[in-house]
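Line by line, the protein sequences are chains R and X. The numbering used here applies: residue 1 is where the first sequence begins, and numbers increase by one. The numbering used here applies: residue 1001 is where the second sequence begins, and numbers increase by one. The C-beta atom is built at its ideal place from N, Cα and C for all residues, glycine as well.
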Amino acid sequence: MGTRPVLPALALGLALAAVGCGGAGGDEDGTTLTVYAAASLTDTFEQVADRFEAEHDGVEVELALGGSSELAAQLVEGAPADVFASADTPTMDRVVDAGLTAGDPQPFASNTLQVAVPPGNPAGIGSLDDLGADGVRVVVCAPEVPCGAAARRVAEAAGVSLSPVSEEQKVTDVLAKVTTGEADAGLVYVTDVVAAGDAVDGIEVPEAAEVVNVYPVATLADSDDPDLARAFVDLLLGPTGQRVLADAGFAPAPVP
Amino acid sequence: MSGTTDTTTGGRPGVPSWLLAPAALGAAFVLLPLVAVVARVDWTDFGSLVTSEASRAALSLSLRTSLVSTLLCLLLGVPMAVVLARLRFPGQGVLRALVLLPLVLPPVVGGIALLYTFGRRGLLGETLEVLGVQVAFSTAAVVLAQTFVSLPFLVVSLEGSLRSGSERYEVVAATLGAGPTTVFRRVTLPLVLPGLFSGTVLAFARALGEFGATVTFAGSLQGTTRTLPLEIYLRRESDVDAAVALSLVLVVVAVVVIGVARPGRAAS
């Protein structure tokens, strides 16, 4: 065996190094704060992260956004992060039960469901009762994920039996089915309707007010910089964070 | 030469020894994740996890839709492969590239494309709606998504077989007075049967594993559109053990499919 075995090994090494560099970018000249946040927090957390970076020189906030259940599963499997913000309490509890949080989670916002319809409301939806009517194509989240659990409770509160044409994995998938006009209506968060702008119309349903999803946030025990993680949570709970959240349609967290 | 193992047997050139290590690494890279899945399976509850109502509905839907998709692939793909392999016409190269596009296209892009074709507000969707045909959120949408992504597999396999040598037999048959249909039925088809078989099995396997286009275009509802891959992805949210158990089912199906398809490949 001459020097040739080096070549493929070198190529593999280079490839891995290139991938590794992409992931750890920004580590060299500052600190990176990794924040895991529910998909429904995408816009707001990007704004809060910008503010945080402006206030803390040399700090870069890296947002990992996705379905709360999925993020919780990643954390439990050992993904390194500093802060976790979940779209509901049961999902946060899974991370707490795994002993991964530092201190008690704090509620920072709440969200309710609304009926989203394509612009102009072609199917003429006016109430939750209309969603149960024959021939109306309703899309909801699957009961396994927070928005689906909430949808089920809203329907129960209204005494309506829904027969959805699809049960999606993520609230954004429900919204997509409505914006493309495939569905006549979908149950999504108020904040999703706000974020979608002109792409959908929102219809308020009184029964939805009874089912409130509370968003908790917690710093994580294996954070490299607990003070910085704490500072991010403080910004979120303070006036700056709360204003950003309110602008996006979130309601304040319930007072305990 | 140094760096070459001299294992020449029966006149076959040996394999350079420095290829062995990366080859073994590659094999380990493919096999290790499968071992990891098997290691994670919760065997005590395996039976109940894979036979739950949701699992059975997903498996049965997957098998039914994949069979129909494979049939559609045969009906459309065989003529496509024959036309591409035997006829000469302007723009053929471009057409072949375009037809094979789903092979390299991310399935989710395929799903979006199908949505804007057969969706309610799509190119054909409005006409279909007037005719009373609703594709979106139906099992038919799953079949369309699967056929879209599987068709190129069949066309590629069969076209390859058609190009590798049966043409001169066809010419002979034609000179002896056989018409095009007779030549196709009696000469072409029997010669490419192994390629057709492996292409069909590959198309079936691709249909069975379809996820991206289905979730984008068809939606997800138990018994109607939630195929096994979609069920696995959803289970992961709430019941990891069930997701792992169902993953193993798909791994086993895949192994069986490859085992069935291999003899065909070897013969062609």
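- When Cβ-Cβ separations below 8 Å define contact, Leu1234 (chain X) makes contact with chain R.
- For Glu1167 (chain X), there is no enclosing beta strand (DSSP E); the residue is found in the alpha helix (DSSP H) stretching over Glu1167 to Thr1175.
- Residue nearest to Leu1031 (chain X) within the set X:Val1251, X:Pro1180 and X:Val1260 is X:Val1251 (criterion: CA-CA distance).
- Taking every protein chain shown into account, the CB of Val1171 (chain X) has fewer than 16 other CB atoms within 10 angstroms, so this residue is exposed.
- For Val211 (chain R), the closest alpha carbon among the candidates R:Pro122, R:Gln106, R:Phe108 and R:Arg153 is that of R:Arg153.
- Closer than 7 Å at the C-beta level to chain R, one finds these residues of the region 1116–1128 of chain X: Gly1119, Arg1120 and Arg1121.
- Counting the other CB atoms within 10 Å of its CB gives Trp1018 (chain X) a total of 16 or more, which places it among the buried residues.
- The CB of Thr1225 (chain X) comes closer than 9 Å to the CB of Val165 and Ser166 in chain R, given here in chain order.
- Rounded to the nearest angstrom, the Cβ distance from Leu1228 (chain X) to Ser1062 (chain X) is 4 Å, consistent with a contact under 8 Å.
- Closer than 8 Å to the CB of Leu1228 (chain X) there is not a single CB belonging to chain R.
- For Arg137 (chain R), the nearest beta carbon of chain X is closer than 8 Å to its own beta carbon.
- In chain order, Leu1234, Glu1237 and Ser1238 make up the part of chain X whose C-beta sits under 9 Å from the C-beta of Val145 (chain R).
- Taking the Cα positions, Phe108 (chain R) is about 16 Å away from Tyr189 (chain R).
- When rounded, the separation of the alpha-carbon atoms in Leu1098 (chain X) and Pro1152 (chain X) is 10 Å.
- Identification of chain X residues near Gln169 (chain R) by a Cβ-Cβ cut-off of 9 Å yields Val1215, Ser1220, Leu1230, Tyr1233, Leu1234 and Glu1237, ordered along the chain.
- Contact annotation: Leu162 (chain R) and Val138 (chain R) have beta-carbon atoms nearer than 8 Å.
- At a cut-off of 8 Å, the C-beta of Ala1140 (chain X) has no neighbouring C-beta in chain R.
- Glu168 (chain R) is bridged by DSSP to R:Cys141.
- The region 1051–1067 of chain X and the region 1199–1218 of chain X touch, with no fewer than 3 CB-CB distances between them shorter than 8 Å.
- Gly1122 (chain X) counts as buried, since no fewer than 16 other beta carbons sit within 10 angstroms of its beta carbon.
- The three-state secondary structure of Ala133 (chain R), taken from DSSP, is coil.
- When X:Val1035, X:Leu1105, X:Gly1165 and X:Ala1213 are compared, the shortest CA-CA separation from Arg1086 (chain X) is found for X:Gly1165.
- Note that the C-beta distance between Ala251 (chain R) and Glu207 (chain R) is not below 8 Å.
- The region 1037–1106 of chain X is shown to contain no whole beta strand (DSSP E) run of 3 or more residues.
- Residue environment: Ser68 (chain R) is assigned as buried (16 or more neighbouring CB atoms within 10 Å of its CB, all protein chains considered).
- Here the alpha carbon of Val59 (chain R) sits roughly 6 Å from the alpha carbon of Gly30 (chain R).
- A straight line joining the alpha-carbon of Ala1113 (chain X) with that of Ala38 (chain R) spans about 28 Å.
- Residues of chain R whose Cβ lies closer than 8 Å to the Cβ of Ala1254 (chain X) do not exist; the shortest such Cβ separation is about 23 Å.
- Within the same chain, Ala218 and Thr219 come within 8 Å of Gly103 (chain R) by CB-CB distance, once the 5 residues on both sides are set aside.
- As DSSP reads the structure, Phe84 (chain R) sits in a beta bridge with R:Tyr36 and R:Ala218.
- For Ala1054 (chain X), the nearest beta carbon of chain R is not closer than 8 Å to its own beta carbon.
- About 12 Å separates the beta carbon of Arg1236 (chain X) from that of Ala1245 (chain X), a gap too long to meet the 8 Å contact definition.
- Counting along the chain, the unbroken beta strand (DSSP E) around Ile203 (chain R) starts and ends at Asp201 to Ile203.
- Taking a C-beta cut-off of 9 Å against chain X, the contacting residues of the region 169–201 of chain R are Gln169, Asp173, Ala176, Lys177, Thr180, Gly181, Glu182 and Ala183, listed in chain order.
- It is roughly 49 Å from the alpha-carbon of Gly99 (chain R) to the alpha-carbon of Pro122 (chain R).
- Asp173 (chain R) is classed as buried because its beta carbon has at least 16 other beta carbons within 10 Å across all chains shown.
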